[in-house]
Structure formats: C-alpha cells, structure tokens
Amino acid sequence: DAGVIQSPRHEVTEMGQEVTLRCKPISGHDYLFWYRQTMMRGLELLIYFNNNVPIDDSGMPEDRFSAKMPNASFSTLKIQPSEPRDSAVYFCASSLAGYEQYFGPGTRLTVT
Amino acid sequence: GQQLNQSPQSMFIQEGEDVSMNCTSSSIFNTWLWYKQDPGEGPVLLIALYKAGELTSNGRLTAQFGITRKDSFLNISASIPSDVGIYFCAGGLNYGGSQGNLIFGKGTKLSVKP
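From first to last, the protein sequence lines are chains L and P.
Everything in the first sequence is counted per our numbering, starting at 1 for the first residue and increasing by one.
Everything in the second sequence is counted per our numbering, starting at 1001 for the first residue and increasing by one.
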C-alpha cells in the first residue's frame, strides 16, 4: 500500500517567493497533519485537519503560512512570501481516527 | 503548554547491548507512541500504547505506558547496527478539539560506539 506522499522532496527558493508543498494522505485516513522539523525546535505541529476541515491551526507561525485540504486525498501548505527562517523539513502525516500518525518522507525547504 | 522530556539526548551502542530510553512529562497523556527516524526520512511508528501500565512489544522493542500516565519507556534488546537513528516519544491528548494531537519529545539519538 502507498504511504503518505509528499512533493517536492527538495525545494530551494529565494526569499520573497511563494512556496507550495503538497501531500497525499493514506487512502481512508480522516486526519491530516502538517509538521515542521528543525534542529532547534524539533517537530512542531503546524495545523491539522479532520475530514478535510481545519481543526487546530494554532501552530501556524504567522499569516504567511496557509494550508488547505480541498478533498480527502490532497492537501497543500503554502508560504507566501517565504523567508530564510522558514528553512526546515516539512512533514505531512495522516491517521485514521486518532493518534497513530503515519509520516511522509518530508520536503526539505531551503530559502536563500 | 505540555512538554515532553526525553532522555538521554544521545547514546552510543555496541552491537548486542540492550538500550533503554524514557520520556517524562508534568502532564498526563492518554496515549504514548514511539517513533524512529532515519536520516532523510520521516518518522516511522514503532509502538503505540493506550492504557496506563500497558507493556507492548514489537520484535526486540518493548515499550511501557507509565502508571502515572506521565511517562513512558522504550527498551531495545540485543541491539544491531540498523537500530541507529533518532527515537522520538509522543504523547497524545484527548480533550476538546485535540483528538489526534501529538506532542513530540526532542528525541534520543542512537549512534554506534566508535
């Protein structure tokens, strides 16, 4: 079975550019999570959805970050405009009805 | 907010040794999970615990959900080279709208003894 799919795996962009990260959760899962991982702060939850509805976005750092889930099989995390401090690995995870979250391979974002 | 203290931060293993690590919190959690992350990959779920006092094994891995619900332990028996990586604990909350929300520890990095 396919796991969580993320694209792109690597993204290098210049400060001020718009960045869009994509995620396809495991089929049938009803929760989708976006995390950011850095050496300094570890794994941080940015936002999560239940049945395509955003439930908690308190981890989204600021208005430059936005996330959507237009249907059960696709979600995007957008950063506009991007800044060097946004450089991190961004993970998408999905779960069925609760806590056992399955992570994608991540997108390594570098903003120069 | 809730925080998880994971220890040790790092440790060296020699093949065949048993390894222990733990996670503690000042808050109660309803669920404890353990993940392993290899370089360049996402965390992989190893064990999930749902009941205080529960002891669960997955091959050479054994994890326990502490009786106080404020801690959890992971043991690896007879370690092998592929056990190297970063191990994360995660605590799950379940109140209000927080179903499914996990708090992650900072990780324990396992390396091979030089």
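By construction, the Cβ of each residue, glycine as well, lies at the ideal position given by its N, Cα and C atoms.
Inter-residue spacing [alpha-carbon to alpha-carbon] between residue i and residue j
| i | j | result |
| --- | --- | --- |
| P:Val1019 | P:Leu1045 | 18 Å |
| P:Ser1010 | P:Lys1109 | 4 Å |
| P:Thr1056 | P:Pro1114 | 31 Å |
| L:Pro54 | L:Tyr48 | 6 Å |
| L:Ser7 | P:Phe1029 | 33 Å |
| P:Arg1069 | P:Ala1063 | 13 Å |
| L:Gln80 | L:Ser66 | 8 Å |
| P:Trp1032 | L:Met39 | 23 Å |
| P:Val1112 | L:Val12 | 33 Å |
| L:Phe91 | L:Val19 | 15 Å |
| L:Val4 | L:Lys68 | 16 Å |
| P:Glu1041 | P:Gly1053 | 31 Å |
| L:Glu14 | L:Gly104 | 25 Å |
CB of residue i within 8 Å of CB of residue j, strictly
| i | j | result |
| --- | --- | --- |
| L:Ala93 | L:Phe33 | yes |
| P:Asn1101 | L:Leu43 | no |
| P:Cys1089 | P:Gln1003 | no |
| P:Gln1037 | P:Ile1086 | yes |
| P:Asn1022 | P:Phe1065 | no |
Continuous beta strand (DSSP E) stretch holding residue i: start and end
| i | result |
| --- | --- |
| L:Tyr31 | 31-38 |
| L:Glu11 | 10-13 |
| P:Ala1090 | 1085-1092 |
| L:Glu44 | 42-50 |
| P:Ala1052 | Note, P:Ala1052: premise wrong, no beta strand (DSSP E); not H, not E. |
| L:Met69 | 65-71 |
| L:Val4 | It is not in any beta strand (DSSP E) - L:Val4 carries neither H nor E in the DSSP assignment. |
When the options are compared against residue i, the one with the closest alpha-carbon
| i | options | result |
| --- | --- | --- |
| P:Gly1105 | L:Gln17, L:Ser87, L:Gln37 | L:Gln37 |
| P:Ile1047 | P:Pro1039, P:Gly1059, P:Gln1014, P:Glu1015 | P:Gly1059 |
| P:Tyr1035 | P:Leu1061, P:Gly1016, P:Leu1093 | P:Leu1061 |
| L:Glu83 | L:Pro70, L:Asp63, L:Ser75 | L:Asp63 |
(message) Pairs of beta-carbons, one from the segment 96-109 of chain L and one from the segment 1080-1088 of chain P, closer than 8 Å: are there three or more?
(response) They do not touch, by the three-pair rule.
(message) Counting beta carbon pairs with one atom in the segment 82-98 of chain L and one in the segment 22-29 of chain L, are three or more of them shorter than 8 Å?
(response) yes
(message) Below 8 Å, how does it come out for the segment 11-26 of chain L and the segment 1061-1081 of chain P: are there three or more Cβ pairs, yes or no?
(response) no
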